[in-house]
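Taking it in order: structure first as structure tokens, then the write-up.
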Amino acid sequence: MFSFYVPVGRGTAFDGEIAAIRTALSQLQCHLEKFTRAVILCDSRAALLAIVSNNNPKTQDILDCRYHFENLASLEKTIVLQWVPAHCGVSGN
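Using numbering that gives the first Met the number 0, read the sequence shown as starting at 0 and increasing by one per residue.
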């Protein structure tokens, strides 16, 4: 498990959640030899649905998340995007 902090500038909470998922996925791509399965925890159902839905992405960040997700899958890496309730005691949330 790792924790990572990146300033995302101005934007909505949704934008921040998408940026966090994008950062997690890109970090996983930098450490391919260290895992076969990873779980990304997120308390934003909207962000998770935006990434996994078949709808046209509204932002480049969503498109980037989908690209990283598909690329990791093609490398036989299992990535689980898991929703968790906000403020429920999950470390880092």
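All C-beta atoms, glycine included, are put in the ideal place defined by N, C-alpha and C.
Next on the checklist: I'd like the list of long-range same chain contacts for Arg-36, defined as Cβ closer than 6 Å, with 5 residues on each side in sequence excluded.
Outcome noted: As a first step, residue 36 is located in the sequence shown; it is residue number 37 there, counting from the start. Taken in chain order, the residues that qualify are Thr-77.
Item to check | Nearest-angstrom Cα separation, counted from Arg-21 out to Ile-61 | outcome: Translated into positions along the sequence shown, residue 61 becomes position 62. Translated into positions along the sequence shown, residue 21 becomes position 22. So the two alpha carbons sit approximately 8 Å from each other.
Next on the checklist: Out of Asn-55, Ala-72, Ile-39, Gln-59, which one is the CA nearest neighbour of Trp-82?
Outcome noted: Here residue 82 refers to the residue found at position 83 when the sequence shown is read from its first residue. For Trp-82, the nearest C-alpha among the options comes from Ile-39.
Checklist entry - Relative to the C-alpha of Arg-44, which residue among Phe-13, Tyr-66, Pro-6 is closest? => result Walking along the sequence shown from the start, residue 44 turns up at place 45. Closest option to Arg-44, Cα to Cα, is Phe-13.
Checklist entry - How should Cys-41 be labelled, buried or exposed, when 16 other C-beta atoms within 10 angstroms of its C-beta is the threshold for buried? => result Within the sequence shown, residue 41 is the residue found at index 42, counting from 1. That one is buried.
Item to check | Best match in Ser-25, Gly-15, Gly-8, Arg-9 for proximity to Asn-70 [C-alpha to C-alpha] | outcome: Position 71 of the sequence shown, counted from the start, is the residue given in the question as residue 70. Here the closest residue by C-alpha is Ser-25.
Item to check | Cβ neighbours of Ala-85 in the same chain (closer than 6 Å, five flanking residues each side left out) | outcome: For this step, residue 85 is matched to residue 86 along the sequence shown. Only Asp-42 meet the Cβ criterion.
Checklist entry - Counting along the chain, where does the alpha helix (DSSP H) carrying Cys-64 start and finish? => result Counted from its first residue, the sequence shown places residue 64 at position 65. Residues 59-73.
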